[in-house]
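Each number in our numbering corresponds to the 1-based position in the sequence shown with 18 added.
Glycine is no exception: its CB is placed at the ideal position from the N, C-alpha and C atoms.
The structure presented is a predicted model; accordingly, all values stated were derived computationally and were not measured.
The block underneath contains the structure these notes are about, expressed in structure tokens.
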Amino acid sequence: MSKYPVFIISKGRHDVCKTAIHFLQHDVDFKIVIEPQEFELYKEHFDENILIQTPFKNLGLGSIPVRNFVWEYSKKLGHKRHWIFDDNIRNTRYFWNGRRTQVDPNLAISEIEKFVDRYENIAIAGMNYSFFVNKSTTKKPFSLNNRVFSNLLIDNDLDVRWRGRYNEDTDLCLQVLSKGLCTVLFNTFLIDKQQTMSMKGGNADELYKGDGRLDMARDLERVWPYVVRTTRKFNRPQHEIIRKSQQFDQQLIRRKDIDWDNIEKEKTELKIKQHDEIKNEYLKRAVDKYNE
């Protein structure tokens, strides 16, 4: 179970809210935050007890208002941190020995929370996208001071907030990094996210139409001119972080009130559950090695 509250923000996806479906399959404790005009639609698919309605609707400002609403809602409940997930996540995975194996999201969330709580200066943490992580390019369990997308564990005491209209994940991470705090992007745990603009609802209906992608990239470049530039990737306009100067090199600071010797002895038991007979010999050996 998670230590901190888990929120999924959703709009226009009452029947395809993939993150909620994934979490329900694994008994994750979470809430879906929606605008009031869609309450009845979401209630047809989800228990109304997990639905939270915002006090506003159709502001035309993308997801910024609901993200800040979640932040303040969490603070009022007295939480030190909160999770905020996009609604288009299909799966959670564990990256081990070059393989991306499906894993219970409860485990991933809990392990990340434990890691973050051991340090004094982690502002934001989250899981990397599975399509960015593979055995030939990924050697470290996490990336320090990188951007975190679509699933963020956020320190509620930060003096920054979601802002603007575009590229909100990148902007928030750059805000905390510019203040000398750290972000942690985990490669050990991953999420399968639906490709941007491949689903109805969400920002696809408000921000991505027409020249929306180009406007997004240029907007971020205007805010962070020495850090971001506009380029073209994946056959569309995209922002790119300029890393030549290594602007953010701050290191993690360990808490002094923790027994680090004891932490280094801790182990998390992970076992692959076999649902059907494994006929492939290579796969059999891989499962046996994993479960050793």
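- Per DSSP, the continuous beta strand (DSSP E) segment holding V24 begins and ends at V24 to I27.
- A Cβ-Cβ contact shorter than 8 angstroms links C191 with R165.
- If you look at N86, you'll find it isn't in any beta strand (DSSP E); it sits in the alpha helix (DSSP H) that goes I82 to K94.
- Counting along the chain, the unbroken alpha helix (DSSP H) around S128 starts and ends at P123 to V134.
- Judged by DSSP in its simplified three-state form, F160 adopts strand.
- Going by DSSP, K75 is part of no beta strand (DSSP E) at all; its letter is neither H nor E.
- Inclusion of R183 and I82 in the CB contact set at 8 angstroms is warranted, their separation being smaller than that value.
- Taking a 10 Å sphere around the C-beta of W180, we find 16 or more other C-beta atoms and assign the residue as buried.
- Following the DSSP letters along the chain, one finds Q120 inside the beta strand (DSSP E) bounded by residues R117 to Q120.
- The criterion of a C-beta distance shorter than 8 angstroms is satisfied by D47 and V24.
- In this structure, I260 and V241 do not form a Cβ contact; the two beta carbons are roughly 14 angstroms apart against a cut-off of 8 angstroms.
- Within the segment 28-75, the complete alpha helix (DSSP H) runs of at least 4 residues fall at 36-43 and 57-61.
- Shown here, N280 sits in a helix according to DSSP, grouped into three states.
- If you draw a straight line from the Cα of E239 to the Cα of L203, it is about 22 angstroms long.
- The C-beta distance from I209 to I107 rounds to 5 angstroms, short enough to meet the 8 angstroms contact threshold.
- The C-beta distance from A143 to I127 rounds to 11 angstroms, too long to fall under 8 angstroms, and the pair is not in contact.
- Residue state for V305 is assigned as helix, using DSSP reduced to three classes.
- Around C35, the same chain offers I26, S28, I50, Y60, H63, F64 and D105 as residues with beta carbons nearer than 8 angstroms, after the five sequence neighbours per side are excluded.
- When secondary structure is reduced to three states using DSSP, T188 falls in the helix class.
- Secondary structure of Y300 (DSSP, three-state): helix.
- Listed in chain order, the non-local C-beta contacts of T156 below 6 angstroms within the same chain comprise N205, local neighbours out to five positions each way being set aside.
- Annotation for K197: no beta strand (DSSP E) segment contains it, and DSSP assigns it neither H nor E.
- The C-beta distance from L301 to Y112 rounds to 16 angstroms, too long to fall under 8 angstroms, and the pair is not in contact.
- If you ignore the 5 residues before and after K21, its C-beta comes within less than 6 angstroms of the C-beta of E131, all in its own chain and listed in chain order.
- According to DSSP, F103 shares a beta bridge with I26 and N169.
- Per DSSP, the beta-bridge partners of M145 are F204.
- Judged by DSSP in its simplified three-state form, D210 adopts strand.
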